[in-house]
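Note sheet for the following structure.
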Amino acid sequence: MTLPRFYPIFDTTDWLRHALPLGVKLVQIRIKDQPAPRLMGELALAQELCREHGATLVVNDYWREAIELGCDFVHLGQEDLDQADVAAIRRAGIRLGVSTHDEAELDRAMALRPDYVALGPVWPTILKKMKWEQQGLDRVRDWRKLVGTTPLVAIGGVTPERALEAFAAGADIASAVTDITLNPDPEGRIRQWLAVTA
């Protein structure tokens with residue numbers, strides 16, 4: 001399975017309405033702190049929009065809802081793995097991506113035979129506070145050797161220019177959040193991303 005090299009992450013379906021018509025083919029919906037009916041509505045709409053545009057939707061965290069909706073892909077952080085029923089996810093035919101930050105987490109992720117492994121933050125990020133300030137490109141090179149043929153996602157402080165550096169270091173996919181959502185011209189920025197990851 002080959003995944004697209006550009007992997008934006010958005011917190012509402014409004015972003016998908018802008019990004020998908022531009023040609024984005026792999027996108028994560030990461031919704032936080034929403035009541036259950038709104039959450040299910042957003043996830044169902046995200047799935048509908050992605051299928052309409054021939055894109056792959058990755059649902060962050062909400063694996064039960066992803067199973068219920070018949071989604072294709074789930075992303076789990078290390079904390080999410082503590083509660084997740086990975087066997088149920090697999091039985092539902094759902095692909096799995098996992099966040100990693102150190103070698104212990106990578107070992108845990110690889111034991112699950114994930115469909116991709118994410119490493120971050122490669123560069124400093126303003127998205128969320130974490131104990132890992134900056135992994136750097138050397139860590140990307142290390143992960144490339146350790147994950148074998150499993151697709152490797154670089155996330156955290158990534159820009160279109162830095163994506164090229166991450167690819168040169170061994171990443172297969174580059175993920176972006178605030179580089180797009182805080183950009184004064186997000187659609188123009190998405191076009192830049194699509195150009196460098198084509």
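Note that the sequence shown covers residues 1 to 198 in UniProt numbering.
All C-beta atoms, glycine included, are put in the ideal place defined by N, C-alpha and C.
All values derive from a computational prediction rather than experimental measurement.
Problem - Reference Gln135; option with closest CA among Thr197, Pro114, Thr150, Val158 - result: Val158
Handout entry: Neighbour-count burial assignment, Arg91, 16 or more Cβ in a 10 Å radius
Key = The residue in question, Arg91, is exposed, as its Cβ has fewer than 16 Cβ neighbours within 10 Å.
Problem - Option nearest Val177 by Cα separation, candidates Tyr7, Ala84, Thr2 - result: Tyr7
Handout entry: Three-state secondary structure assigned by DSSP to Leu76
Key = strand
Exercise for the section: Pull up the CB-CB distance for residue 258 and Leu57, whole angstroms please, since I reckon it's below 8 Å. Expected result: The shown model of the chain, from 1 to 198, leaves out residue 258, and the question about it has no answer.
Problem - Own chain, CB closer than 7 Å to Thr125, minus 5 neighbours either side, in chain order - result: Gly156, Gly157
Exercise for the section: Select from Lys25, Gly54, Pro21, Cys71 the residue whose C-alpha is nearest the C-alpha of residue 221. Expected result: Any answer about residue 221 is impossible in this case: the structure gives the chain only from 1 up to 198.
Handout entry: Bridge-paired residues (DSSP) for Val117
Key = Val98, Leu152
Handout entry: Pairwise C-alpha distance: Ala111 and Leu69
Key = 26 Å
Practice task
Leaving out five residues on either side along the sequence, give the residues of the same chain with a beta carbon under 7 Å from the beta carbon of Asp80.
Solution key: Asp61
Handout entry: Neighbourhood of Gly93 by C-beta, 6 Å cutoff - its chain only, sequence neighbours within 5 removed
Key = none
Exercise for the section: Determine the closest residue to Ile29 out of Arg189, Ser175, Asn183, with distance taken between C-alpha atoms. Expected result: Nearest C-alpha to Ile29 among Arg189, Ser175, Asn183: Ser175.
Exercise for the section: Apply the 10 Å Cβ neighbour rule to Arg5 and answer buried if 16 or more other Cβ atoms are within range, or exposed otherwise. Expected result: buried
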